[in-house]
Amino acid sequence: MMDVVRKNGDKINTKQLSNELGVEIIEISALKGDGILEAAELAIEVAKKAQKNPQHTFSGVVEHAIAHIEEATVHNMPENEQRWYAIKIFERDEKVLEQLNLDYDVQAHIEEDIKAVEKELDDDSESIITNERYYYISSILKSCYKKKNAGSMSTSDKIDKVVTNRWLGLPIFAVVMFLVYYISMVSVGLAATDWMNDGVFGDGWHLFGIGSSQYSQATDAYGDSDQIIDGFVAKYGNDKIANAIDIENENYAEANAKKALEQLVDKTPSDAKVVYQTQDEETLEVTYHENTSKAELNSAVLAYLNTDYKEAYGAPDTSNYGIWVLGIPVLVGNGLEAVGAANWLIGLINDGIIAGVGAVIGFVPQMLVLFLLLAFLEACGYMSRIAFVLDRVFRKFGLSGKSFIPMLVGVGCGVPGVMASRTIENERDRRMTIMTTTFIPCGAKVPFIAMIAGALFGGSALVSTSAYFIGMAAIIISGIILKKTKMFFGEPAPFVMELPAYHLPTAKNVLRSMWERGWSFIKKAGTIVLLSTIFIWFTTYFGIINGDFRMLAEDEIDHSILAAVGGAIAWIFKPLGWGTWEATVASITGLIAKENIVGTMGVLYGASGNVYATIGSVFTSVSGYSFLVFNLLCAPCFAAIGAIKREMNNAKWTWFAILYQSGFAYAIAFMINQFGGMFTGNINAIGLTFAFALLAGMIYMMVRPYEESVKPAKKIKQTKSLEGAV
Amino acid sequence: MPLTLANVGEENIIKRVGGKPEVKQHLENLGFIAGGNVTVISAISGNVIVKVKEARVAISREMAQKIIV
Chain H
0 MMDVVRKNGD
10 KINTKQLSNE
20 LGVEIIEISA
30 LKGDGILEAA
40 ELAIEVAKKA
50 QKNPQHTFSG
60 VVEHAIAHIE
70 EATVHNMPEN
80 EQRWYAIKIF
90 ERDEKVLEQL
100 NLDYDVQAHI
110 EEDIKAVEKE
120 LDDDSESIIT
130 NERYYYISSI
140 LKSCYKKKNA
150 GSMSTSDKID
160 KVVTNRWLGL
170 PIFAVVMFLV
180 YYISMVSVGL
190 AATDWMNDGV
200 FGDGWHLFGI
210 GSSQYSQATD
220 AYGDSDQIID
230 GFVAKYGNDK
240 IANAIDIENE
250 NYAEANAKKA
260 LEQLVDKTPS
270 DAKVVYQTQD
280 EETLEVTYHE
290 NTSKAELNSA
300 VLAYLNTDYK
310 EAYGAPDTSN
320 YGIWVLGIPV
330 LVGNGLEAVG
340 AANWLIGLIN
350 DGIIAGVGAV
360 IGFVPQMLVL
370 FLLLAFLEAC
380 GYMSRIAFVL
390 DRVFRKFGLS
400 GKSFIPMLVG
410 VGCGVPGVMA
420 SRTIENERDR
430 RMTIMTTTFI
440 PCGAKVPFIA
450 MIAGALFGGS
460 ALVSTSAYFI
470 GMAAIIISGI
480 ILKKTKMFFG
490 EPAPFVMELP
500 AYHLPTAKNV
510 LRSMWERGWS
520 FIKKAGTIVL
530 LSTIFIWFTT
540 YFGIINGDFR
550 MLAEDEIDHS
560 ILAAVGGAIA
570 WIFKPLGWGT
580 WEATVASITG
590 LIAKENIVGT
600 MGVLYGASGN
610 VYATIGSVFT
620 SVSGYSFLVF
630 NLLCAPCFAA
640 IGAIKREMNN
650 AKWTWFAILY
660 QSGFAYAIAF
670 MINQFGGMFT
680 GNINAIGLTF
690 AFALLAGMIY
700 MMVRPYEESV
710 KPAKKIKQTK
720 SLEGAV
Chain G
0 MPLTLANVGE
10 ENIIKRVGGK
20 PEVKQHLENL
30 GFIAGGNVTV
40 ISAISGNVIV
50 KVKEARVAIS
60 REMAQKIIV
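Next comes the structure, spelled out in C-alpha cells:
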C-alpha cells in the first residue's frame, strides 16, 4: 500500500521503524507490484540466518506473569518459541493449551498468576494483550509515521458519506445495479448472446453485421406473404400448387412457381375470405388472421415474385445479404453429410452435443460482460459497501446483504448468479444464497412462461409478473424456514467487514478475475453438460418401435426411452394435476436447458398442428399454473446444477440443495393444484387434506421461534473484503 | 452510550467493549479498544461504518451496540 501512502503525502520513516522492530523493512505495493521481489529475496536471506528474538516488551505486571509462565511450562522448548507459547498460555488459547496438555497442578498455578494480573488491570487476559499491543504500536508510530492531513476526511470517506447515506444509499445502489444489469444482460450482453445462440450455434450470421439491416428490411417488406399464400392454397389450391411454390422442394423451378401462383389467383373467387395463421418462433404461439381478402393474396403474390429487394422468388434468404457466415451446426451438418456419416451420428453431434453445449456456451459473452463489471465493482471497493447498505433488509429473512447480487444476476442466468455468491464469506449465508438464487426466473424460463401464459391464460402479462413474485416469495419463505432449521441455525453471523479505500483497480486484476470465473464456466460446459446432453439426446431419439430398437424420427418421440421413463414416473406428478408422460418428459428435458421445455412441448403436442390448442385441451388453467410453478422452482438446468456443485464444493450439500428445490417446488405446485381445484369445483378430499396439512406445516416452519443455539458460534470469522492482493 | 447512537462525523473515545469473550476479542482485534478513538462515518438503521485506527470498518447494529463510547 506504499503507493497510497505516497499519494496521500504521508511519511513513514522506514529506517526508524526498522530499528524499533528489529527487522528489515521493504516498501511494497501489491497493486502496482513494486518491491515484491526484493521483499521475497530478503525473506529468503533472513530465513537462512539465525533468528533474532523480538524486542518489544509488555508492561511490568504482564512481563512478570509471562516470565513465570515461561519458567513453569515451556523452559525446555527452543528459546525463540518460548515467549510465543507463554503469551498464548497467558491468553488461555484453547488450541495451545490442548497441544501442550499441561499438568493440572501447573495449570492451576499459572491460573493464579493470570488472575492476579487480570485483577490488577481490571480486564481479561486476552484483552490485556491486545491493548498492550496497540499501546506498543502507537508508541512506535509516534516516532516514525507522519500523516499529512490527520483528522480530516479522506476522499474515500467523502464518497462513503454519499453512497452509504441513509437516504441515498439504496437509490444509488439501484442505479448502479440497473446499469450493470442493463449493460450485461440487455445492451452488450444480449446482442452477444443472440449472436452466439442464433448465429454461431444457429443458422449463421452476418460478418460484422453487414447485411443485417438490409435483410430485416426485406423481411419486413415481405411480411406474412408466405403464410397468406398458404392460407389461400389450403382453401382454393391443391397439392400441385403447394409443391410448385415450395422453395425447398427438390423439383422447384421458378417458372413453375409463377404458373402455379397465377393458377391460384385464377381459382380464388374475388369475394374470397380466408383465414391464415402465423406462429411465433420462440413461444410457438399461433395467431389466426381472419377475413383475409383476395387483394391481400394479390399483394402477397407480388411480394413472392418480386426480385427487386431479394434475389429470388419466395421469402428473402439471409445468406444473400452482406457476408453470411454459416453457423457451426450447419457447417458440421454439411460436412458430415458430405463425408456420408450415418444419420444417428449427425443427430448426435448436431442435436445432442452442439445444441446442448451450444446453449450453454451461448451465455458466455453475456457472462463475461457481467463478470467484468462485477469484478470492477468488487476491485474498486463498492461491492463491500453494497453489502453494508443491504444488510439490514436481507437480515430480516435470514440472508446477508451480499445475497442480493447473486439474485440480481440470476434474473439473466442462474449460472453466473450462483457463481456470484462467492463473494459471501459466511458459509451459512452463502449456502442459503446458492440454494435460493435459482428460484428467480432466469432468461431461459421466460419463453416457457410466455408459452403457458399464451396457451392457457390468453397471453396475460400477469402470469409472467406473477412468476417473478413467486420466485421472490420462494426466496423469502425458504430463507425464513431454512434459517430455523438445524443446518442453518445459530447466531446470525455478525456483520463485520473491513472496507478498503476506494481505488481504481488495475486492468490486469479485473480481467484476471473475469477470466477465472468465465473459464470455470466454460470448462463446465465441456464436462457435465456435455455428458448429460448426450444422455438426454440418446434417450429422446432412440426407442423400440414394433420390436426393433432404432433411432426415431421427430414425430416418433412418443416411442422413445425417455417417453417410457416419463410414463413410468408420471404418476409422481398426478397430485400436481399434470401426470402425463409428455409433461414429465418436458420437465426432464428442461433440465438440460429450461428453454427446451418449449421445444419438447412443441414436438410432443404439435401433432395436430397447433401446439397452443393442444396444450389448452390437455391442461386446465389450474394444472397449467401448477406445471409452470413446478418448472420455475424445481432443480435448475444442468449448467446451474454444475455451478451449485462447484460453489458448494460438497456433494452432500449439492444434493440437499437440489432436493430442497425440487421438494419445495413440488409442495407449492401441489398446493396450487389442490387449492385451485377447490375453487374450480374439482375437489379431491384426500389431496385437499394433505394440502392443508402441508400449508399448516409450512406456516409453522415459518413462525416457530428460533431454536436456542446449543453452542455459540465458536469463532467469528474475520471477514475481509476482496481487495485483490493488497 | 453505545456506538449506534453516536453522531456521524464526531470523534469519540471508546470507554468499554462488551459482549461475549469471542465477540469482544474480535472487535479488539479490529482495533476497538478502550481508550482508542472511533469516528462514525456513515450509519444506516444501526449499521455503521466507522474509522478506527485509520481503517474503515463496517459493523452491524448488534456489534455496534457492544461498543460503548
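Protein chains in written order, with numbering that gives the first Met the number 0: chain H, 0 to 725; chain G, 0 to 68.
Backbone N, C-alpha and C define an ideal beta-carbon position, used for all residues, glycine too.
It should be emphasised that the depicted structure is a prediction, and the values quoted were computed from it without experimental measurement.
Can the beta-carbon of residue i be found less than 9 Å from the beta-carbon of residue j?
{"i": "G:Glu47", "j": "G:Asn11", "result": "Residue identity differs from the one stated: residue 47 of chain G is Val in this sequence, not Glu. Not in contact: G:Val47 and G:Asn11 (Cβ atoms no closer than 9 Å)."}
{"i": "H:Met486", "j": "H:Phe655", "result": "yes"}
{"i": "H:Pro770", "j": "H:Phe663", "result": "No information on residue 770 of chain H is available, as it lies outside the stretch 0 to 725 that chain H covers here."}
{"i": "H:Phe618", "j": "H:Leu461", "result": "no"}
{"i": "H:Glu253", "j": "H:Ala311", "result": "yes"}
{"i": "H:Phe200", "j": "H:Ile327", "result": "yes"}
{"i": "H:Tyr540", "j": "H:Gly676", "result": "no"}
{"i": "H:Gly813", "j": "H:Leu367", "result": "Because chain H spans 0 through 725 in this model, residue 813 of chain H falls outside it and cannot be assessed."}
{"i": "H:Asp159", "j": "H:Arg384", "result": "yes"}
{"i": "H:Thr286", "j": "H:Gln278", "result": "yes"}
{"i": "H:Leu373", "j": "H:Val179", "result": "yes"}
{"i": "H:Phe691", "j": "H:Tyr665", "result": "no"}
{"i": "H:Thr432", "j": "H:Ile423", "result": "yes"}
{"i": "H:Asn242", "j": "H:Asn250", "result": "yes"}
{"i": "H:Glu581", "j": "H:Tyr611", "result": "no"}
{"i": "H:Tyr308", "j": "H:Ala217", "result": "yes"}
{"i": "H:Ala732", "j": "H:Ala443", "result": "Examination of residue 732 of chain H is not possible in this model, given that chain H is present from 0 through 725 alone."}
{"i": "H:Gly34", "j": "H:Glu26", "result": "yes"}
{"i": "H:Arg165", "j": "G:Ala42", "result": "yes"}
{"i": "H:Ile109", "j": "H:Leu120", "result": "no"}
{"i": "H:Val3", "j": "H:Ala500", "result": "yes"}
I think residue i touches residue j, with their Cβ atoms under 8 Å apart; what is that distance to the nearest whole Å?
{"i": "H:Ile480", "j": "H:Met176", "result": "About 27 Å separates the two Cβ atoms, so there is no contact after all."}
{"i": "H:Val417", "j": "H:Glu646", "result": "6 Å"}
{"i": "H:Ile227", "j": "H:Thr291", "result": "6 Å"}
{"i": "H:Ala569", "j": "H:Thr583", "result": "5 Å"}
{"i": "H:Thr129", "j": "G:Asn28", "result": "7 Å"}
Let me check understanding here. Comparing Cα to Cα, which of the options lies closest to residue i?
{"i": "H:Ser126", "options": "G:Gln24, G:Lys14, G:Val37, G:Gly45", "result": "G:Gln24"}
{"i": "H:Ile730", "options": "H:Gln660, H:Gly686, H:Gly517", "result": "No information on residue 730 of chain H is available, as it lies outside the stretch 0 to 725 that chain H covers here."}
{"i": "G:Ala54", "options": "G:Thr38, G:Ala42, G:Met62", "result": "G:Thr38"}
{"i": "H:Val73", "options": "H:Ser153, H:Val95, H:Pro170, H:Gly680", "result": "H:Val95"}
{"i": "G:Gly8", "options": "G:Gly18, G:Leu29, G:Lys50", "result": "G:Lys50"}
{"i": "H:Gly576", "options": "H:Ser224, H:Leu561, H:Ile682, H:Pro635", "result": "H:Ile682"}
{"i": "H:Leu369", "options": "H:Asn649, H:Tyr251, H:Ser186", "result": "H:Ser186"}
{"i": "H:Val300", "options": "H:His63, H:Val597, H:Leu120, H:Phe231", "result": "H:Phe231"}
{"i": "H:Leu510", "options": "H:Arg165, H:Glu377, H:Asn342, H:Tyr624", "result": "H:Glu377"}
{"i": "H:Leu296", "options": "H:Asp225, H:Thr306, H:Ile348, H:Gln276", "result": "H:Asp225"}
{"i": "H:Ser465", "options": "H:Thr538, H:Val445, H:Asn79", "result": "H:Val445"}
{"i": "H:Thr484", "options": "H:Ala612, H:Gly334, H:Met697", "result": "H:Met697"}
{"i": "H:Lys141", "options": "H:Ser124, H:Leu16, H:Leu169, H:Trp194", "result": "H:Leu16"}
{"i": "H:Asp265", "options": "H:Tyr235, H:Asp219, H:Asp245, H:Phe172", "result": "H:Tyr235"}
{"i": "H:Gly742", "options": "H:Glu280, H:Ala71, H:Asn79, H:Ala500", "result": "Because chain H in this structure spans residues 0 to 725, residue 742 of chain H falls outside the shown range and cannot be described."}
Identify, in the order they occur along the chain, each residue of the same chain with its Cβ nearer than 7 Å to the Cβ of residue i, setting aside the five sequence neighbours on each side.
{"i": "H:Leu36", "result": "none"}
{"i": "G:Lys14", "result": "Ala33, Ile67, Val68"}
{"i": "H:Gln262", "result": "Ile240"}
{"i": "H:Ser420", "result": "Pro405, Arg429, Thr432, Ile433, Thr436, Glu646"}
{"i": "H:Glu62", "result": "Thr56"}
Suppose the cutoff is 8 Å on Cβ atoms and the five residues either side in sequence are ignored; what does the same chain contact list for residue i look like?
{"i": "H:Phe387", "result": "Thr163, Gly400, Phe494, Met496, Leu498"}
{"i": "H:Leu767", "result": "Coverage of chain H is limited to positions 0 through 725, which leaves residue 767 of chain H absent and any answer about it impossible."}
{"i": "H:Ile322", "result": "His205, Leu206, Phe207, Ile209, Gly210"}
{"i": "H:Ala71", "result": "Val105, His108, Ile109"}
For residue i, collect the residues of the same chain with a Cβ closer than 6 Å to its Cβ; drop the 5 residues on either side in sequence, then sort them by chain order.
{"i": "H:Lys716", "result": "Since pLDDT at H:Lys716 reaches only 43, below the 50 mark, its modelled position is unreliable, and the value read off the structure follows with that caveat. Result list for H:Lys716: empty, nothing under 6 Å."}
{"i": "G:Gly45", "result": "Thr3, Arg60"}
{"i": "H:Lys10", "result": "Lys145"}
{"i": "H:Phe403", "result": "Leu389"}
{"i": "H:Ala724", "result": "Confidence at H:Ala724 is low in this model, with a pLDDT of 37, below 50, so its placement is unreliable and no value can be given for it."}
{"i": "H:Asp112", "result": "Ala64, His67"}
Restricting to runs no shorter than 4 residues, where is the alpha helix (DSSP H) found entirely within the region 438-478 of chain H? 445-455
Along the chain, which unbroken stretches of the alpha helix (DSSP H) at least 4 residues long are found entirely within the region 577-660 of chain H? 580-588, 595-603, 610-617, 620-632, 637-647
Sequence ranges, beta strand (DSSP E) only - wholly within the region 524-559 of chain H, length at least 3: 541-544, 547-550
Which parts of the region 151-214 of chain H are runs of the beta strand (DSSP E), unbroken and 3 residues or longer, counting only runs that do not cross its ends? 203-205
Any chance you could list the alpha helix (DSSP H) runs of at least 4 consecutive residues sitting entirely within the region 73-108 of chain H, in chain order? 78-89, 93-99
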